[in-house]
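For the record, the sequence lines run as chains A and B.
Sequential numbering from 1 applies to the first sequence in the working numbering.
Sequential numbering from 1001 applies to the second sequence in the working numbering.
All remarks here apply to the structure that follows.
There are 2 protein chains.
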Amino acid sequence: MLSIGEFSRATALTVKTLRHYHERGVLVPTHVEPGSGYRYYDEVAIERAGVIKALRELEFSLDDIGQILSECADDADALQYLAKKREAIAARMAHLRSIAAALESVIRTENDAKAMNDTEFEIEDKTIAPVLIAGIRIRGRFEQCKDVFKQLGRAFGFGLAGKPGMLIYDEEYKQQDADFEPFFPVKKSKKTASEIHVRELPGGRALCLVHRGPYDRIASAYGRLLGEARQRRLVAIAPSREVYLKGPGMLFAGNPEKYLTEVQIFVRDGE
Amino acid sequence: MLSIGEFSRATALTVKTLRHYHERGVLVPTHVEPGSGYRYYDEVAIERAGVIKALRELEFSLDDIGQILSECADDADALQYLAKKREAIAARMAHLRSIAAALESVIRTENDAKAMNDTEFEIEDKTIAPVLIAGIRIRGRFEQCKDVFKQLGRAFGFGLAGKPGMLIYDEEYKQQDADFEPFFPVKKSKKTASEIHVRELPGGRALCLVHRGPYDRIASAYGRLLGEARQRRLVAIAPSREVYLKGPGMLFAGNPEKYLTEVQIFVRDGE
DNA sequence: GCTTGACCCTCCCCTAGGGGGAGGCCCCAA
DNA sequence: TTGGGGCCTCCCCCTAGGGGAGGGTCAAGC
């Protein structure tokens, strides 16, 4: 028979832990001296302690361990518990994966934005590649887009493939009854029962300009782009797009003077 | 100003949680009525509550959240915290992955063994495929192999590709100074600084017999196999192998009468 | 037999993020 | 003025133990 200290060294469990296991009933000492309350353990307890250690390493709770020990004498008997644990761990990992994806997305966005901190932006004549998006087209005020992005983020678990954007279907600026579609680029399509519309956005030639500052001053970027288009004898094709290189973050609204928005006006040669 | 109940509905945080956040200092009410102790919150608190909710969903601790809120006004300011969290989550996921692998391995082993429960085993003349293994060759008593398997399991995180086995280099049975090598099949090689020997085990023709029962009766399987080899005029090639289809489990030692061990004696045509 | 030092005991408080509930005060409307 | 709902503080509960205080026990040396 081993005293608790000897048993602790034999099993590599702390004395505190052993007393706790006794209290919780998962590893009761073989004998408790009635007068002094000293705990004594035998060989059988060493084996049981080994099983408990193995189960703890698999992150079973003490309650589960107590039940497993009372019902099982062989790994095969514990199969249902092991399988349940496997499912629980898979679920937990899926959740952690979604958190990691969200973190990754914020970090990348902020790093990208940081790199553009001191850039002076000019109008660019680019060819935009087609891109798969998930969007929700709505009619109303632009403030609503915040909630729409949240909805999209939840539906796709931030398994996103790029910066969020918006399609603006109106030919002229409308404050009240605007017709627009916030979207996220996504990696692959996914069944969603809601009003989310997943499709490939066509590419094409576009005049682009990055606007730095709050959204209520974004009209100037449109003005410059449309002026440039006229000068180059190009015809704008609706919808135009905005890509939010840096906007209100996932956590903080941040400073609107630092917002970066690329405005893309698709064009074709004028007749 | 909103009462705590109204604020609770506005933020979707429970009243209990809000009081807890107050106590922990992460979300202090805008005003506390001195007489009654009633808490009142304003619009700014709603925004702050939103940030706290987002950070809680990313599984930051309240302490971390307090610090982030006190130092950051923009997602960019929180980058270091986000990056640290990402690392922590990656580490946690790696750990969970190893647990899941261990669970998977036990479950598969037990299911495989269960399927062989009622089988009567006969000698088979098989061609064994080559297999990549990690082994530790030692000299001593067979009881030591238990610790060796533990060591291998730890080193390879149960990222295993099959059943454990053992190579027996002795031509005859030795109790004391046996020369043997417990091994695990592995998926790919891996640098290990210790005495673990990773290599491809050659395949070949072998006479095989599954032995059911404790290891101290395994000699009969060898006897039957060697007799069969003699009868077929085959020559045994050392080392022979044992594959532990079901032995003492990861958790319980279990019932030795149910152990299943495939003995493989490699042979070539006799001259 | 006594002392000493190591060992062991129980009891209480602590961790993170709240949940549940008791007992009592506050506020507003009928 | 009275009710009912809202709000307050205080206490205990959960994991799996850790830290420490205060005090009893064991075995060996003298």
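Don't be surprised by glycine CBs; every beta carbon is placed ideally from N, CA and C.
With DSSP run on the structure shown, which of helix, strand or coil describes residue i?
{"i": "P1202/B", "result": "coil"}
{"i": "F60/A", "result": "coil"}
{"i": "T1017/B", "result": "helix"}
{"i": "I46/A", "result": "helix"}
{"i": "Y1038/B", "result": "coil"}
{"i": "R139/A", "result": "strand"}
{"i": "D1179/B", "result": "strand"}
{"i": "A1236/B", "result": "strand"}
{"i": "Y169/A", "result": "coil"}
{"i": "E120/A", "result": "coil"}
{"i": "E1023/B", "result": "helix"}
{"i": "V1032/B", "result": "strand"}
{"i": "E1242/B", "result": "strand"}
{"i": "P1290/B", "result": "Summary: the structure shown does not reach residue 1290/B, with chain B confined to residues 1001 through 1271, and so no result is reported for it."}
Start and end of the alpha helix (DSSP H) containing residue i?
{"i": "Q80/A", "result": "79-115"}
{"i": "G249/A", "result": "Per DSSP, G249/A belongs to no alpha helix (DSSP H) and is neither H nor E."}
{"i": "D1147/B", "result": "1145-1156"}
{"i": "I1004/B", "result": "1004-1011"}
{"i": "Y215/A", "result": "Looking at the DSSP string, Y215/A is not in any alpha helix (DSSP H), and its letter there is neither H nor E."}
Beta strand (DSSP E) containing residue i: first to last residue?
{"i": "V131/A", "result": "131-135"}
{"i": "Q1264/B", "result": "1260-1269"}
{"i": "T127/A", "result": "124-128"}
State buried or exposed for residue i, treating a residue as buried only when at least 16 other CB atoms are found within 10 Å of its CB.
{"i": "V1032/B", "result": "exposed"}
{"i": "G5/A", "result": "exposed"}
{"i": "P29/A", "result": "buried"}
{"i": "G1140/B", "result": "exposed"}
{"i": "T14/A", "result": "exposed"}
{"i": "I1046/B", "result": "exposed"}
{"i": "V1044/B", "result": "exposed"}
{"i": "S1036/B", "result": "exposed"}
{"i": "P1182/B", "result": "buried"}
{"i": "S1240/B", "result": "buried"}
{"i": "Y222/A", "result": "buried"}
{"i": "Q1264/B", "result": "buried"}
{"i": "Y1041/B", "result": "buried"}
{"i": "M1/A", "result": "exposed"}
{"i": "D1177/B", "result": "exposed"}
{"i": "K146/A", "result": "exposed"}
{"i": "T75/A", "result": "For the sequence presented, residue 75/A should be read as Asp rather than Thr. With 16 or more other Cβ atoms within 10 Å, it is buried."}
{"i": "G247/A", "result": "buried"}
{"i": "T1127/B", "result": "exposed"}
{"i": "G270/A", "result": "exposed"}
{"i": "V235/A", "result": "exposed"}
{"i": "K85/A", "result": "buried"}
Residues of the region 147-166 of chain A whose Cβ lies closer than 7 angstroms to any Cβ of chain B, in chain order: none
Chain B contacts from the region 84-109 of chain A (Cβ-Cβ distance under 8 angstroms): Of all residues in the region 84-109 of chain A, K85, R86, I89, A90, R92, M93, L96, R97, I99, A100, A102, L103, E104, V106, I107, T109 have a Cβ within less than 8 angstroms of some Cβ in chain B.
Residues, ordered as in the chain, of the region 53-73 of chain A that lie near chain B by beta-carbon distance below 7 angstroms: A54, L55, L58, E59, C72, A73
Check each residue of the region 244-262 of chain A: if its Cβ is closer than 8 angstroms to any Cβ of chain B, include it; give the result in chain order. G249, M250, L251, F252, A253, G254, N255, K258
Check distances from the C-beta atoms of the region 33-54 of chain A to those of chain B and list, in chain order, the residues that come in under 9 angstroms. E47, G50, V51, A54
When Cβ atoms are compared, which residues of the region 200-227 of chain A fall closer than 9 angstroms to chain B? none
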